[in-house]
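Heads up: the sequence shown is residues 532 to 1048, going by the numbering used here. Cβ coordinates follow ideal geometry from the N, Cα and C atoms, glycine included. First the structure, in the form of structure tokens, and then the observations on it.
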Amino acid sequence: MHNIQFSDRDRRALYSTWERLGVKGPKHTSLLLGNLWQILSQGRFKLYREWTQRYGKVFGYYEGGQPLLVVSDPDITKEVLIKQFSKFDERVPLFDDPDDKYVDMFRAWGEKWKRVRGISTPTFSGKKMKLMSPLLQKSIHKLMDKFEKRVQEGKEFDISEDFKCLTLDVIATTAFSYHTDIFNTKESIFLKKLSLIFDNINPEKMPLSMKITLLLFLTFPNLHKLASFFWPRVTAPPNDWFLDLAKAMIIQRQTTGEVRPDYIQLMLNLLKEPEKDVSKASSTENGSAADNQPASSNPSKFLTMEEMQGQIFVFLSAGYETTATTLSFIAYYLVLYPDIQSKLQEEIDQHFPVPGDDINYETVQQLPYLEMVFCEVSRLAYIGQLAVQRKCKEDTTVGGNILVPKGAKVLINVADIHMSSDLWGPEPIDELVPERFLSERKALRHPMAYLPFGAGPKNCIGMRFAIMETKMTLISVLQRYTVVKCNKTKVPIKCNPDGVHGPAEGVFVQLHHRSHD
Ligand code: HEM
């Protein structure tokens, strides 16, 4: 697997890997691309469904020069994500560039990942979430103003677009106190740049230069040096814009000494605590980081300027579309299940009788039915399933007798796990049934049955934040409005064929005022 594999013989040897190891799967359809063309032309999600039906809970195939093992067996999932984590502590990066100074925790591995993850973890503690809730509330108020205008207009509209504005505004304010004015203008430079980044990872919208580089790399992974030369050049414009903005914000904060309750501040605060463990760092002081250098005598506890830029960038890209998509799916299911929506509104009315009441990190946790609805929609939506992947770092065996060779990519088939009637029955698995998440039923379920945020040490670090944001938003919306189906609501929802598993054509709804008599 380590030659460049240009020759016919090398390619045939590569494409017999899974067969030799006794793993079932589709035959490669091209000697150059393996099954990649099928994936690109027919859509990954559809093919995974078909292949799972045909080959079972573990199957192997090839994307160019990359062998992949797709797993929907919960025991093997636990082995990969948790028990054998040291052999699977990395996602498969597009390009292995050990010198990437902006490396973020999504792409980092080994000691680098441990360090960045360890330093960033305290910024997502319950205490820090509490500090963030007022910022979130401000963005949610802007969404409520927008919704009020929608109601006045009386028209049906795509609620997923408004949720994207919300999550963008939230991440911009909480990451670096950047004010977007996104709800009032379609010309927001922030939104345009961010949309470009998501177009860049969507095979349908990706520019040709990126497609060619990507195909080259996927076909010949060992040409990664060449590919990593081209990749930053074809992706540079939107990514650089955000990295530069983050840097400007950090420097401004350092020079003015201004203190704000955002992520930049939380990261800067760590710099002032050289002798303490980062998990005990204070949240009120300011500090300074030198360019390119660890900012303290103990580099293991602090982020360099570039690392801070990298983390801000990854929070932005990992937190924006995922959270907006979750909210959009919730809206979709609530219009389909008006009884569940009413029950949720009743619970919200009991806890927050007056719109504008103190909705924050702690109070949102007191609503059990809201939690069940959130979990059940997350089960049905499996938005981030493609992020739950790991690279095998050394030959190992999983499931008792399946040899996974070094360099193979293991992808956890979250969709199939979430839609397994063995794990989620007896009710039909495609129905919204929040009661599946009653605590007595949860206790009996396999711990790997529910994976919207992945699992193990490399699970979603932003989970608490995302849940808080989604619940705070839903409470504010359902206090004031009922979300209803309209002529343009597409049922069943049409989802993207690859990438973030979200609605491909929006979620059209209408909002009706609630009467509180
Ligand atoms: C509902 C919204 C979200 C969903 C569904 C989601 C889902 C996921 C999933 C499935 C993973 C991969 C986990 C694994 O491989 O085991 C992940 C990783 C990650 N997420 Fe999220 N996410 C959401 C929101 C956020 C937010 C708001 C942030 C940041 C503010 C964030 C930051 C990250 C990061 C940095 C990682 C990589 C962690 C690591 O590799 O150590 N996510 N997310």
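| Check | Outcome |
| --- | --- |
| Flag this pair as touching only if the stretch 562-577 and the stretch 538-548 have three or more C-beta atom pairs under 8 Å; answer yes or no. | yes |
| Hey, E925 and K643: beta-carbon distance below 8 Å or not? | no |
| How about I871 and V904: are their beta carbons less than 8 Å apart? | yes |
| Measuring CA to CA, which of Q897, G596, W582 is closest to A939? | G596 |
| Can you tell me whether DSSP reads R540 as helix, strand or coil? | helix |
| Considering only C-alpha positions, which residue in the set Y863, I782, W955 is nearest to F688? | Y863 |
| Are the CB atoms of Y892 and M636 within a distance shorter than 8 Å? | no |
| Tell me the DSSP secondary structure of V1031 in three-state form. | coil |
| For P598, which beta-bridge partners are listed by DSSP? | Y593 |
| Sorry if obvious, but does the Cβ on V845 come closer than 7 Å to a heavy atom of the ligand HEM? | yes |
| Between the C-alpha atoms of D541 and E581, what's the straight-line distance to the nearest angstrom? | 29 Å |
| What whole-angstrom Cβ distance do V895 and M1003 have, given they're in contact under 8 Å? | 6 Å |
| Would you mind reading off the limits of the alpha helix (DSSP H) that contains Y863? | 836-867 |
| Buried or exposed: which applies to T854, given that a residue is buried once 16 or more other Cβ atoms fall within 10 Å of its Cβ? | buried |
| Residues in its own chain within less than 6 Å of G1037 by CB, not counting five upstream and five downstream? | D689, S691 |
| What did DSSP end up calling C696 once you bin it into helix, strand or coil? | helix |
| Are the beta-carbon atoms belonging to T711 and Y794 less than 8 Å from one another? | no |
| Run through the DSSP bridge pairs and tell me what T1013 is partnered with. | H1043 |
| Decide if the stretch 983-991 is in contact with the stretch 900-916; the criterion is three or more beta carbon pairs, one per stretch, under 8 Å apart. | yes |
| Please report how far the alpha carbon of K669 lies from the alpha carbon of E594, in whole angstroms. | 45 Å |
| Report the CB separation of P1034 from K577 in whole angstroms; it is logged as a contact under 8 Å. | That belief does not hold up - the Cβ atoms of P1034 and K577 are roughly 16 Å apart, past 8 Å. |
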